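Q: One structure coming up, written as C-alpha cells, with questions to follow.
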Amino acid sequence: MRGAIPRVLGLIGEAAHVDRVNVLEARVGPMGEPLLVMTSEWTAEGVTPHLQEARSFSCDERNFSSVCAELRAGRSVCLSPAEIHAEQGCSGIEGIGTRTKAIVPIFVASEFIGVVSFDNTRQRRAIDAAELAALETAAGVIGAALHRERLVDDVRRERERAAEERVTELAKANAVIRGNLERLAGQTDLHSFMGHMLLEATRQFEAISGAVIVLKDSLQEWRVVAHVREGELAQPSFAVSVPVNGSPFTARFGDLRGPLYLNIDRVDSDIWPGVLAFYRSEGAVGTVIYPLVFGARSVGFLVLTFQRHAEDVQKSELLVALAQQATLAVQLTRLAYSAKEAAVLMERTRIGQEIHDGLAQAFTGILLQLGAVEEFPSCRKRGSELGLTLSRVRELARDGLAEARRSVMALRLDQTRRAGLEIALRQLADRSTVAGGVTCTFEGGGISTGLRPEHEHELLRIAQEAVSNAVRHARPHHVHITMTDEEANWELAVADDGVGMEQGPAVYAREGFGLSSMRQRAGAIGGEWRIESTPGAGTRVSVRMLKRAS
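Numbering-wise, this note's numbering comes out as the position in the sequence shown, counting from 1, plus 143.
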C-alpha cells in the first residue's frame with residue numbers, strides 16, 4: 144500500500160498540471176507538539192524533491208497556526224508567493240522553489256489526519272475553484288488510501304502483539320508445565336502435587352482462591368484435596384466433601400465436559416455447603432470451574448475464584464495444560480492405588496490359602512482327635528472332670544476354626560458375602576459372658592450392612608478389642624454391643640458400666656490398651672472412631688461407617 148501512494152500522487156499531479164505533490168500526516172511529537180510529517184511525495188522531472196531535505200520531513204503546526212487552523216476547520220488553502228514567504232517555519236509548507244501552492248486537508252471519519260500539498264514551481268498559476276474542488280476529491284482518494292493503510296498497519300500490529308503475547312504465554316506455560324512434570328515425577332503424594340499446581344495456577348491467573356476437587360470412588364464422594372487462599376495453602380472454611388449421589392454439586396457439574404464461568408452474583412443457592420458464604424466474605428466476583436475429564440467421566444474439578452470478571456481465563460491454554468496435568472496426576476494415583484490393591488489382594492489370597500491349608504486344617508484335626516478321645520470310657524462318665532475339660536477344649540477349637548474361616552472369608556477376592564458381622568458379634572457376646580461375673584449382650588438383629596467383608600472383619604476386630612479391654616480392665620457387670628442403622632451411617636458401639644477412665648485416652652494408649660490399634664483399624668476403612676469415658680460411669684467405644692451407595 145505504501146508503495147502505491149507515490150504512483151497515485153503522480154497520476155494526480157500530472158492530471159492537475161502541478162510539479163510536486165506531498166502527503167503530510169498529522170502526528171504527535173515527543174513533547175506532545177502537533178506535527179505534520181511528510182510520508183509520500185511525487186515530483187515532476189527536474190523538480191527538487193522535499194524528501195531529500197531533512198528539514199522538510201516534519202513541520203510544527205504552531206509555526207504556521209493560521210494556515211493549520213483553516214486546514215483543521217476543513218477548508219483548503221491556496222497560497223500566493225508572498226503568503227508562502229511569510230510561512231518561514233517549515234520548508235515542507237514553504238516549499239523549495241514554490242511559486243504557488245494549494246493545501247487540501249484530509250479527513251477520515253471526521254478526524255483530521257493530514258494534508259496534501261500541490262506545488263507549482265515553474266510558473267505562477269492561480270488555482271481556480273473548479274481545480275481546487277478536483278484537488279479536494281483527489282485528496283479524499285488519498286485519505287481513503289491512507290486510512291486503509293492505517294487499518295492494515297493496525298491489524299498487522301495487533302497480530303504481532305497477539306503473537307508476542309501468545310509466545311510469552313506459551314513460554315510461561317511451558318515453564319510451569321515443566322516444573323509441574325518434574326514435581327509429579329518426584330512426588331507420589333497426590334495432595335502435595337495438587338497443592339503445588341494450585342498455588343501456581345492462582346499465582347499465574349491472579350486468583351484470590353482456588354480448590355482441587357477429586358472423586359473418591361471408594362467413599363462415593365467429592366473431596367477437596369487442595370485449597371489455596373490469598374497465595375497460601377489452607378484448610379477450606381467450607382465443607383471438605385459432599386456425597387456423589389443426590390448432591391446439588393453433582394446435579395450441576397457432574398456432566399460438565401468443558402470450562403464454565405460463574406458470575407457469583409447470579410448464584411442464589413449453595414451448590415457446595417458453605418462455599419457461597421466463603422465467596423461473598425472474600426468479595427469474589429466470578430469463579431472458573433474446569434472439569435478434569437478422563438475418558439467419558441469427570442474425575443475432579445479445578446476451581447479458581449476472582450475478585451474481577453475473568454471470563455477470558457477459561458480460554459487460557461495454560462489453564463488447559465494445568466487441568467490436563469491435574470487429570471494425569473489423578474489417574475496416575477489411581478493406577479498406583481490399583482497396582483497396590485492388586486498386590487495386596489494377591490497377598491491376601493496367599494495368606495488366606497495358608498490359613499485354610501494350615502491353621503484351619505490343624506483345628507479340624509484337633510476336633511477329630513478330640514472326638515476320638517471323648518469316646519474313651521473314662522471321658523464318657525457323667526461329671527467326669529476330664530470330659531468337661533475336653534468339652535471346653537472342643538469349644539475353643541471350634542471357635543478357633545470359626546475364626547480361621549472368618550479370616551479366610553475376609554481375605555478372599557470374592558467380596559459379596561453379606562450378614563456375617565451380626566453372627567460374629569452375637570458369638571462374641573456369648574463367648575465373653577462369664578457366669579457370676581460379666582454379662583455381655585448384643586443388640587442389632589436382622590442387620591445387613593452391605594459393607595465389604597474386609598471392612599466387617601475390621602469392625603469385628605475393633606469390637607473384640609473393646610470387649611477385651613472392658614472385661615480385663617474396667618471390672619464391669621455388663622458389656623453391651625450394639626450395631627445401629629442410622630440414616631447415612633452404620634454405628635458399632637461397645638459400652639460397659641465399669642470404672643471408666645480416670646485419665647485421658649492418650650495416656651491409656653501409651654500403656655498398651657489397644658486404643659491406637661482400634662483407631663488405626665477404623666481409619667483404614669474410612670470409619671470415624673470415638674471413645675467416651677467418665678470415671679465411675681463406664682466407657683463407650685464407637686465406630687461410625689458411611690453406608691455404601693446402592
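Each residue gets a CB set at the ideal place from its N, CA and C atoms; glycine is no exception. Being a predicted model, the structure only gives us computed values, none of them experimental.
1) With a CB to CB cut of under 7 Å and the five nearest residues on each side skipped, what residues in its chain are close to R400?
2) Give me the DSSP bridge partner(s) of Y433.
3) What first and last residue would you give for the beta strand (DSSP E) that runs through M688?
4) Which term fits R662, buried or exposed, when burial requires 16 or more other beta carbons within 10 angstroms of its beta carbon?
5) Among R300, V151, A158 and N206, whose alpha-carbon lies nearest the alpha-carbon of L178?
6) Just checking, does the region 286–295 make contact with the region 261–276 on the three C-beta pairs under 8 Å criterion?
7) Does DSSP classify N388 as helix, strand or coil?
8) So, using beta-carbon positions, are R535 and L510 closer together than 8 Å?
9) Would a C-beta distance cut-off of 8 Å place R163 and V190 closer than the cut-off?
10) With H, G and I counted as helix, E and B as strand and the rest as coil, what does DSSP make of V428?
11) Please classify V577 as buried or exposed, where buried requires at least 16 neighbouring CB atoms within 10 angstroms.
12) What are the start and end residues of the beta strand (DSSP E) that includes G257?
13) Might you give, ordered along the chain, the residues of its own chain that have their beta carbon closer than 7 Å to the beta carbon of V385, omitting 5 neighbours on each side?
14) Taking the CB atoms as reference points, tell me whether A606 and L544 lie closer together than 8 Å.
15) Mark L603 as exposed unless 16 or more other C-beta atoms lie within 10 angstroms of its C-beta, in which case mark it buried.
16) Would you kindly work out how many angstroms separate the C-alpha atoms of G156 and F261, rounded to a whole number?
17) Can you tell which of D639, G641, G643 and L635 has the C-alpha that lies nearest to the C-alpha of W672?
18) Would you kindly report the start and end of the unbroken alpha helix (DSSP H) that includes V151?
19) Which parts of the region 463–547 are runs of the alpha helix (DSSP H), unbroken and 4 residues or longer, counting only runs that do not cross its ends?
20) Kindly indicate the opening and closing residues of the alpha helix (DSSP H) around A354.
21) If the criterion is Cβ atoms closer than 8 Å, does the pair L571 and I498 meet it?
22) Can you tell me whether DSSP reads E364 as helix, strand or coil?
23) In the DSSP assignment, what are the bridge partners of W415?
24) Measure the C-alpha to C-alpha separation of R538 and D573 and round it to an integer number of angstroms.
25) What are the residues that DSSP puts in a beta bridge with I674?
26) Kindly indicate which three-state DSSP category I285 falls into: helix, strand or coil?
27) Can you tell me whether DSSP reads L635 as helix, strand or coil?
28) Buried or exposed: T280, going by 16 or more other Cβ atoms within 10 Å of its Cβ?
29) Between which two residues does the alpha helix (DSSP H) carrying S183 extend?
30) Is DSSP giving V295 helix, strand or coil here?
31) Helix or strand or just coil, what does DSSP make of L201?
32) Given a cut-off of 8 Å on the beta-carbon distance, is the pair A354 and H370 in contact?
33) To the nearest whole angstrom, what separates the beta carbons of I351 and T448, a pair I think is in contact under 8 Å?
34) For F348, name the three-state secondary structure that DSSP assigns.
35) Just grab the DSSP bridge partners of M626 for me.
36) Just checking, does the region 201–215 make contact with the region 245–254 on the three C-beta pairs under 8 Å criterion?
A: Quick answer:
1) P434 and V436
2) L445
3) G681 to L689
4) buried
5) That would be N206, whose Cα lies nearest to the Cα of L178.
6) no
7) coil
8) No.
9) yes
10) In the three-state scheme derived from DSSP, where H, G and I count as helix and E and B as strand, V428 is classed as coil.
11) exposed
12) Its beta strand (DSSP E) spans residues E254 to N263.
13) E364, W365, F392, W415 and P416
14) No, Cβ-Cβ distance for A606 and L544 is not below 8 Å.
15) buried
16) 8 Å
17) Ranked by how close their Cα comes to the Cα of W672, the residues D639, G641, G643 and L635 have L635 in first place.
18) A147 to A159
19) 504–516 and 520–523
20) Element bounds for A354: not the alpha helix (DSSP H) but the beta strand (DSSP E), S352 to K359.
21) no
22) Reduced to three states, the DSSP call for E364 is strand.
23) When DSSP reads this structure, W415 sits in no beta bridge, so it has no partner.
24) For clarity, residue 538 is Glu in the given sequence; the question names Arg instead. Looking at the two C-alpha atoms, the distance is approximately 12 Å.
25) V684
26) Annotated three-state conformation of I285 is helix, per DSSP.
27) strand
28) exposed
29) Premise fails: S183 lies in the beta strand (DSSP E), P177 to T186, not in any alpha helix (DSSP H).
30) DSSP places V295 in helix when its eight states are reduced to three.
31) As written in the sequence, residue 201 is Ser, which differs from the Leu given in the question. Residue state, collapsed to three classes: strand.
32) yes
33) Indeed, because the Cβ distance is near 6 Å, the residues count as touching under 8 Å.
34) helix
35) BP columns for M626 point to L635.
36) yes
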